[in-house]
Each structure stands twice: as C-alpha cells, then as structure tokens.
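Residue numbers (the working numbering): 220 to 534.
Everything below concerns the one structure shown next.
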Amino acid sequence: MPELPEVEVVRAGLAPAVTGARVAAVQVLDPRALKRHLPTAGDDGLGGHGVTLTAAAGAARSADFERRVAGITLGAPERRGKFLWIPTSAAAVSGEPLALLAHLGMSGQMLLRAHDADDDRHVRIRMWIEHPDHGELRVDFADQRLFGSLALDALRPAADGPDLVPTQAAHIARDPLDPAFDDARFLALLRTRASGVKKLLLDQTLVSGVGNIYADEVLWRARLHPETRGVRVGPRKAVELLTALRAVFAQALAEGGTSFDAQYVNVNGQAGYFAHSLNAYGRTGAPCARCGEPIRRLVIGGRSSHFCPRCQRRR
DNA sequence: CAGGTACCCTGGCCGC
DNA sequence: TGCGGCCAGGGTACCT
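The structure is reproduced here in structure tokens:
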C-alpha cells in the first residue's frame, strides 16, 4: 500500500487500536522483513539495503527485534511521506526514544486481527498487543515482495522543525498535506532543477508521499508532460502543480486509497476505491477523460508513465 | 546535480 | 502443462 493516501489510511486505522497498547509478544516469521532493523538499531540508522542476510544473521536479527519489542508500550502512530512509525516507551542506549518504524514498500500491509485469528497470506511478523479499552489484538505485518520492513529506530528532532522523526526518515521532506509544508521552498526548488517533473515529484527529498500512480494523476490534472524540465515550469504552472497534487491526494484519501487487487488494503483488509477515479495511470490506449485522445505510455527512469499527448504537451 | 543500471523479492500474465 | 520473459504501488547504492 505504497503512496501517501494508502499509508495514511493505514496510520489512521492503526491509531485507535495501538495507541496506549502494550506489546505482549512478537514473532518474526521471516527475518527479511527486518531489512531496516539493525541489531543495535536506533543508535545510528543505516538501513541494510541490498544485503542478503545469512541464516545466522537473520536469526540474530529476529531474536534482537523480538526481545526488544516485547513488553514496550505504543504511542500514537505518525507518518512522514510513506514512512510510518509508532513511538514507544523504549529508549536507545543514547537515551533517544525508540519508534517502531514501518515502510510498506510495494506490497506491505499492516493488518489488525483478533489475537487468535488465522494468518493472512504473506504474514512475516506478528505482534500480540493488549489495549486497555479494546483488549487483546494482533498486528500482523504482511508483505508479498519483501521490499517493505519493520524496524526499531531512534527518534531525533527533524531538520525542518521541532518534531521527532526516525533517523531513517530524516532525509524525507514533509508531504503537501502537512500544515508545515513549505510551499515557497518547494516551488523554488522545483523551478531550479533540470530533471523532468515526473522525476522531481518522485524525489522524496523535495516533496514526500508521491509514487508512480499519483505522479501520473497529478501531471494529468495539471496538464504537464512528465518530461517537462523543472526549470521550464513557470511560476503559475508550478502553483497549479502543487494545487493538483493536494487535490489528488485529498480525493484519494477520501476514497480510501487505490487498490488494484487484494494486495492493497487497509488494516481490516478492505480495498480503497480510487482506482475507479484514475485518469492516466494504467490507462494506456484508453481515451483521455478530457479530450478523448488515447493515453500514451512512456518509460521514464525504468518506470511506466501515462499521459495524454494532447492535454500534456511537451514544451 | 543528472542519468542510468542493478539489486532487494514474489507472483500474475502472456506467448510459445 | 511448462517455461521464459515481462510487468508491478519503492528505495538505495554505485557507476558514468
């Protein structure tokens, strides 16, 4: 459930169930779902990307995670871009508070289940929690492709404000729905860059939460060709782009996110409806909803881009 | 800073 | 029915 609307649906869904709950037990079924968890995690948060775990290293990582997460109390879930975390009662050796960090990657899910419910497909980590009001529940992390992961990570003051963020999300910009998002800074940066706007929208250090689906939708809405260079976007058009971004995110959020199959669901396993509202993404050959011209597909940076060749002219 | 590629994975679908 | 190739919502490292 990858992009901002989907991650936000998950965050909001987890909130009432986990806030104030105590983790009674943890079971790691597949250590590859701890890609971002370092054995002494939280003290300096380098992810273990691209590293295949040996069996021994995987077992050690699982044991470390299970031991350190069991018994902690969870706070209210927070999010920055596509990173989701739950502050905990635990602290790192440095004294910094630890958070349970989740990134859903391409196919990750956080599922709330009865404590003794049968497993869903691809469950990698299980956590049994006890909530003072809601009793015993289970939080399952399921992930078909294992690009996502859970981790314990230290919280530090963000570079762009007083709020605390996990070290692994320190480089992530605020998202456009964040009240503290700096519009002027984003617009100025966008208009100094030589890259195409599609690539810029996907750059999580410029603006967070945008993935391949919503980038295409936003560019369609703002009538911008995905390869238009940032420096070629005028001030009015740049504002139009940011406005379109907020509108698309708000609508997708209201519709529960985008689900193409059972893979992308909220904490109760239910799909969102925004797939019915897509105007560009995945619509190669279908008529543009504005002008009827067939939507075209283009590969940018190894990923599909969908756009209307008539409404979104290259300039 | 910009671009390209490779990699971390599973699984659905299509053509042969 | 099998198999190879391509595709998929993300992020990072490492080249040029």
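Glycine is no exception: its CB is placed at the ideal position from the N, C-alpha and C atoms.
- Task: Return yes when the C-beta of W439 is under 7 Å from any heavy atom of the ligand ADP, and no when it is not.
- Result: No copy of the ligand ADP occurs in the structure displayed, which carries no ligand at all.
- Item | Other residues of its chain near A219: CB distance less than 6 Å, five sequence neighbours each side excluded | Nothing about residue 219 can be read from this structure; the chain reaches only from 220 to 534.
- Query: Whole beta strand (DSSP E) runs in the segment 295-337 with 3 or more residues, listed along the chain?
  - Reply: The beta strand (DSSP E) runs lying completely inside the segment 295-337 and spanning 3 residues or more are 297-299, 302-310, 316-322 and 327-333, given in chain order.
- Task: Go through its chain and collect everything with a Cβ distance to R364's Cβ below 8 Å, but skip five positions before and after it.
- Result: Translated into positions along the first sequence, residue 364 becomes position 145. Same-chain partners within the cutoff: G324, M325 and S326.
- Message: Nearest by alpha-carbon distance to P506: which of C527, V245 and R440 is it?
- Response: The residue you call residue 506 lines up with position 287 of the first sequence. Each of C527, V245 and R440 was checked against the Cα of P506, and the nearest Cα belongs to C527.
- Query: By how many angstroms is the C-alpha of V426 removed from the C-alpha of A260?
  - Reply: The residue given as residue 260 occupies position 41 in the first sequence. The residue given as residue 426 occupies position 207 in the first sequence. In this prediction, A260 has a pLDDT of 45, which is less than 50 and means its spatial position is unreliable; nothing more can be read from the coordinates.
- Item | Supposed contact pair L319 and L356 - C-beta distance, whole angstroms, cut 8 Å | If you number the first sequence from 1, residue 356 lands on position 137. If you number the first sequence from 1, residue 319 lands on position 100. Going by Cβ atoms, the distance from L356 to L319 rounds to 15 Å, so no, they are not a contact pair.
- Query: Using the rule of at least 16 other Cβ atoms within 10 Å of the residue's Cβ for burial, across every protein chain shown, is S281 buried or exposed?
  - Reply: Along the first sequence, one-based indexing puts residue 281 at 62. By the C-beta density criterion, S281 is buried, having at least 16 other C-beta atoms within 10 angstroms.
- Measuring alpha carbon to alpha carbon, tell me which of G476, E474 and R410 ends up nearest L461. Translated into positions along the first sequence, residue 461 becomes position 242. Answer by Cα proximity: R410.
- Report the residue ranges of all alpha helix (DSSP H) runs contained in full by the segment 330-414; include only those spanning at least 4 residues, in chain order. Secondary structure remark: continuous alpha helix (DSSP H) runs of at least 4 residues inside the segment 330-414, in chain order: 402-409.
- Item | Rounded distance between the beta-carbons of R509 and C530, thought under 8 Å | Position 311 of the first sequence, counted from the start, is the residue given in the question as residue 530. Position 290 of the first sequence, counted from the start, is the residue given in the question as residue 509. A Cβ-Cβ separation of about 5 Å places C530 in contact with R509 under the 8 Å criterion.
- Should the segment 405-420 be regarded as contacting the segment 377-384, the criterion being three or more beta carbon pairs within less than 8 Å? Contact check between the segment 405-420 and the segment 377-384: fewer than three CB pairs, one atom from each, fall below 8 Å, which does not count as touching.
- Query: Does the distance from the CB of E315 to the CB of L374 come in under 8 Å?
  - Reply: By one-based count along the first sequence, residue 315 stands at place 96. By one-based count along the first sequence, residue 374 stands at place 155. Note that the C-beta distance between E315 and L374 is below 8 Å.
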